[in-house]
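Residue numbers (this note's numbering), protein chains in the order written: chain V, 1104 to 1213; chain H, 20 to 136. Glycine included, each C-beta is placed from N, C-alpha and C at the ideal position. Small disclaimer: the values here were computed from a predicted structure and weren't measured.
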Amino acid sequence: SQQGEEDPQALSIQEGENATMNCSYKTSINNLQWYRQNSGRGLVHLILIRSNEREKHSGRLRVTLDTSKKSSSLLITASRAADTASYFCATLNYGQNFVFGPGTRLSVLP
Amino acid sequence: DAGVIQSPRHEVTEMGQEVTLRCKPISGHNSLFWYRQTMMRGLELLIYFNNNVPIDDSGMPEDRFSAKMPNASFSTLKIQPSEPRDSAVYFCASSPRTGESAKNIQYFGAGTRLSVL
């Protein structure tokens, strides 16, 4: 099974609302990363959070990490139609294994 | 900067044919990664290079797959012979870092959509 597992698999919200996506993993990690993929395009790196960090911000993005629960969340505030994309978490463990989760498809409706 | 450039964008071939996917990393980047994305298996890391040297090819599914990086500005992923189950989107990514931190930030190309009939 995959190291990172996002939930929900799909999420639809109205423009202006906040979107929260979760990622769970199984083994100890060095860091966890979030990527965005627009339809038909490559992935874009959004943010990296290290295992000794609990929260990180980048613009409208807020990422939390709970290593005791082996989970992370990505919050997008004040969503826009342009945020419509698939969002993936990826974990890097100490054995240098780098694994992507299956992703969450976010639809932001105007 | 043009970003990571992959070619072709789309490839349709028949089972048994040889397929070669190409990647030009961002100039100055020292690490290069090949991924495969399918609905069933998601994104899988196939192989990655540091300074043109293959570091980890444990994700390469079979001997039918091979990857080379003859110089810092070019890499190929070859499938010979191709099979229908190889149909997927193949991504190349590069990183300005080497070693353990190379996986901390990657820049992806737009991908090659491969269909094997």
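Check, Outcome
"Sequence-distant residues of its chain with Cβ nearer than 7 Å to R1163/V (five each side left out)", "I1179, T1180 and A1181"
"Distance between beta carbons of L64/H and F52/H, contact taken as under 8 Å", "6 Å"
"Near-chain H residues of the segment 1148-1165 of chain V - C-beta to any C-beta below 8 Å", "H1148 and L1151"
"Chain H contact residues for G1206/V, given Cβ-Cβ distances below 9 Å", "G61 and L62"
"Three CB pairs or more closer than 8 Å across the segment 1116-1124 of chain V and the segment 107-124 of chain H", "no"
"Which listed residue (S26/H, I74/H, V108/H and P27/H) has its alpha carbon closest to that of K122/H", "I74/H"
"Contacts that Q1112/V makes with chain H (C-beta to C-beta distance below 8 Å)", "Under the 8 Å cutoff, chain H gives no residues; its nearest Cβ is about 12 Å from Q1112/V."
"7 Å Cβ cutoff, R1139/V in contact with chain H", "no"
"Residue burial classification, V1202/V (beta-carbon count within 10 angstroms, cutoff 16)", "buried"
"Residues near K97/H in its chain [Cβ-Cβ closer than 8 Å; skip 5 each side]", "E37, V38, T39, L40, F84, S85, A86 and K87"
"Own chain, CB closer than 7 Å to H48/H, minus 5 neighbours either side, in chain order", "S113, S114 and P115"
"Between the CA atoms of I1152/V and S1131/V - distance to the nearest angstrom", "14 Å"
"Beta carbon of E1118/V nearer than 7 Å to that of A1185/V", "no"
"Neighbourhood of E33/H by C-beta, 6 Å cutoff - its chain only, sequence neighbours within 5 removed", "L136"
"Proximal residues to I124/H (C-beta, below 8 Å), its chain only, five neighbours per side dropped", "S114, P115 and R116"
"According to DSSP, residues forming a beta bridge with Y1138/V", "H1148/V and F1191/V"
"Beta-carbon proximity list for P100/H, same chain, < 6 Å, skipping 5 on both sides", "G35"
"Euclidean distance between Cα positions of E119/H and Y126/H", "16 Å"
"Cross-chain neighbours of N123/H in chain V, by beta carbon under 8 Å", "N1134, Q1136, L1151 and L1195"
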